[in-house]
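Undergrad: The structure that follows is given in the form of structure tokens.
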DNA sequence: TCATGGGTGGAAGAATCTTCCAAAAACTCG
DNA sequence: CGAGTTTTTGGAAGATTCTTCCACCCATGA
């Protein structure tokens, strides 16, 4: 039994998910028409998709440039020790960073890979010196400035 | 003059952006009430934010588990040559990959950093052998399996 | 002082949401 | 099979919201 659902996702649900991912502001009436069911049924299915955790929310995608966060930096982090306590301490500290978009524990040359948005390089320098190297248990930090966002946060294939 | 806007974003606009990022399905009436302006004015401001490119769309966030994409892999790519043609060829080829969520040209030990969602490790192995190493101009590929998504696609700070 | 232009909110018809209920479909078990 | 049960469906309707028009307010500048 999946934790995120008790129901199967049939072809109609998939179509609804695809439409909602493309445009989260589509009206129930329009979705109903496009997937060929009645508005009442569509309304119910959409609510089930939300309640079942299949749709984790609907989010307006804010242009980073518009709020002065035009610079993207990827960061690889290596910790001193590979103990559960060490990981937990790092994760708790890093979670509070408002500039942090992604933080993933990975297998490979790094322990964590981060994705960070800042105003500019100067802003990142501040962040780097005041926050990143001060994170608990950090042995090494490697920063990758993004020069071109070929694809950022693409929709899932449906 | 910013290309994404001719208008300034004042405090009210910021609040609207924050609300829309938190929940893209808020009604105009509710947003208006929360930012203390009339529904008519709020409607106009929201439309201006969309038309000005400050909101790049509204997207339902589909649970990757629900559609069998529960495995996340970060990939670092190094190309053979650092020529514009080489970059262009790689980017065009990689853009078509439906499993690709992010693709960023970076400065550092890698040329590109990718973020890829697949069903499981076996699925990634297929993708790796059939698509990634077949991409044009690839010298080296380093894969980082994500063991824990501490933070994924967090909202921008507003 | 007066004209101008951008921003504001009231008002109202049109569209949509949300829920209830009865009918149809699917499923279960004797 | 077939009756009973559960699930799913769609029509209907009041409540809510959208969308637009228009008059008003208030800075700015001649």
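Protein chains in written order, with the working numbering: chain A, 812 to 969; chain B, 812 to 969. Built from N, CA and C at the ideal position, the CB exists for glycine as well. All values derive from a computational prediction rather than experimental measurement.
State yes or no: is the beta carbon of residue 840/A nearer than 8 Å to at least one beta carbon in chain B?
TA: Counting from 1 along the first chain, the entry for residue 840/A is found at position 29. Residue 840/A does not count as touching chain B.
Undergrad: Taking 8 Å as the cut-off, decide whether the C-beta atoms of residue 921/B and residue 881/B are in contact.
TA: Looking up residue 921/B in the second chain gives position 110. Looking up residue 881/B in the second chain gives position 70. Cβ atoms of residue 921/B and residue 881/B: not closer than 8 Å.
Undergrad: Between the region 823–836 of chain A and chain B, which residues of the former have CB atoms less than 8 Å from a CB of the latter, in chain order?
TA: 825, 828, 831, 832, 833, 834, 835, 836
Undergrad: Helix, strand or coil for residue 882/B per DSSP?
TA: Locating residue 882/B in the second chain gives position 71, counting from the first residue. Looking at residue 882/B - three-state DSSP - the assignment turns out to be strand.
Undergrad: Between residue 934/B and the rest of its own chain, which residues show a CB-CB distance below 8 Å, the 5 nearest in sequence each way excluded?
TA: The sequence position of residue 934/B within the second chain is 123, counting from 1. These residues qualify, in order along the chain: 882.
Undergrad: Within 10 angstroms of the Cβ of residue 907/B, are there 16 or more other Cβ atoms? Answer buried if so, exposed if not.
TA: Along the second chain, one-based indexing puts residue 907/B at 96. Exposed, because fewer than 16 other Cβ atoms sit within 10 Å of the Cβ of residue 907/B.
Undergrad: Indicate whether at least one CB of chain A lies closer than 8 Å to the CB of residue 965/B.
TA: Here residue 965/B corresponds to residue number 154 of the second chain, with the count starting at 1. Any Cβ of chain A closer than 8 Å to the Cβ of residue 965/B would place that residue at the interface, and such an atom is present.
Undergrad: Report the residue from 861/B, 958/B, 851/B, 944/B whose alpha carbon sits nearest the alpha carbon of residue 884/B.
TA: Numbered from 1 along the second chain, position 73 holds the residue referred to as residue 884/B. Ranking the options by Cα distance to residue 884/B, first place goes to 958/B.
Undergrad: Just how far apart, CA to CA, sit residue 953/B and residue 850/B?
TA: As a working note, residue 953/B is residue 142 in the second chain. As a working note, residue 850/B is residue 39 in the second chain. Taking the straight line joining both Cα atoms gives about 52 Å.
Undergrad: Give me the subset of the region 903–921 of chain B whose CB atoms are less than 8 Å from a CB atom of chain A, sorted by chain position.
TA: 905, 906, 909, 910, 911, 912, 913, 914, 915, 916, 917, 918, 919, 920, 921
Undergrad: Select from 910/B, 931/B, 969/B, 930/B the residue whose C-alpha is nearest the C-alpha of residue 976/A.
TA: No information on residue 976/A is available, as it lies outside the stretch 812 to 969 that chain A covers here.
Undergrad: With a Cβ-Cβ cutoff of 8 Å, do residue 905/A and residue 956/B count as a contact?
TA: Walking along the first chain from the start, residue 905/A turns up at place 94. Walking along the second chain from the start, residue 956/B turns up at place 145. No, the pair does not count as a contact, with Cβ atoms beyond the cut-off.
Undergrad: By Cβ distance below 8 Å, which residues in the same chain neighbour residue 870/A in space, the five residues on each side in sequence not counted?
TA: By 1-based counting over the first chain, the position of residue 870/A is 59. The answer, listed in chain order, is 835.
Undergrad: Thinking C-beta only, is residue 927/B closer than 8 Å to residue 911/B?
TA: Here residue 911/B refers to the residue found at position 100 when the second chain is read from its first residue. Here residue 927/B refers to the residue found at position 116 when the second chain is read from its first residue. Yes, they are a contact pair.
Undergrad: Would you call the region 857–871 of chain A and the region 824–843 of chain B touching, i.e. three or more CB-CB distances under 8 Å?
TA: yes
Undergrad: Return the bridge partner residues of residue 887/A from the DSSP annotation.
TA: The count along the first chain starts at 1 and reaches residue 887/A at position 76. Looking at the DSSP assignment, residue 887/A forms a beta bridge with 924/A, 953/A.
Undergrad: Here's the rule I'm using: 16 or more other beta-carbon atoms within 10 Å means buried, otherwise exposed. How should residue 822/A be labelled?
TA: Residue mapping note: residue 822/A aligns to position 11 of the first chain, counting from 1. Under this definition residue 822/A is an exposed residue.
Undergrad: Nearest to residue 947/A by alpha carbon, out of 860/A, 857/A, 877/A, 898/A?
TA: For this step, residue 947/A is matched to residue 136 along the first chain. Nearest option by C-alpha distance: 898/A.
Undergrad: Tell me, please, whether the CB atom of residue 875/A is closer than 8 Å to any CB atom in chain B?
TA: Residue mapping note: residue 875/A aligns to position 64 of the first chain, counting from 1. With 8 Å as the cut-off, residue 875/A counts as an interface residue toward chain B.
Undergrad: Under a CB-based cut-off of 8 Å, is residue 797/A close to chain B?
TA: Summary: the structure shown does not reach residue 797/A, with chain A confined to residues 812 through 969, and so no result is reported for it.
Undergrad: Indicate the three-state DSSP secondary structure (helix, strand or coil) for residue 866/A in the structure shown.
TA: Here residue 866/A refers to the residue found at position 55 of the first chain. If DSSP states are grouped into helix, strand and coil, residue 866/A belongs with the strands.
Undergrad: Let's see if you can read the secondary structure: which residues bound the alpha helix (DSSP H) around residue 896/B?
TA: The count along the second chain starts at 1 and reaches residue 896/B at position 85. Segment 895–906, the alpha helix (DSSP H) holding residue 896/B.
Undergrad: Quick one: using the 10 Å Cβ neighbour count with 16 as the cut-off for buried, is residue 896/A buried or exposed?
TA: Sequence index remark: in the first chain, residue 896/A carries index 85 (1-based). Exposed, since its Cβ has fewer than 16 Cβ neighbours within 10 Å.
Undergrad: Does the beta carbon of residue 850/B sit closer than 8 Å to a beta carbon anywhere in chain A?
TA: The sequence position of residue 850/B within the second chain is 39, counting from 1. At a cut-off of 8 Å between beta-carbon atoms, residue 850/B makes no contact with chain A.
Undergrad: Please list the partners that residue 954/A has in chain B, where partner means a Cβ-to-Cβ separation under 8 Å.
TA: The residue given as residue 954/A occupies position 143 in the first chain. Chain B residues near residue 954/A: 919.
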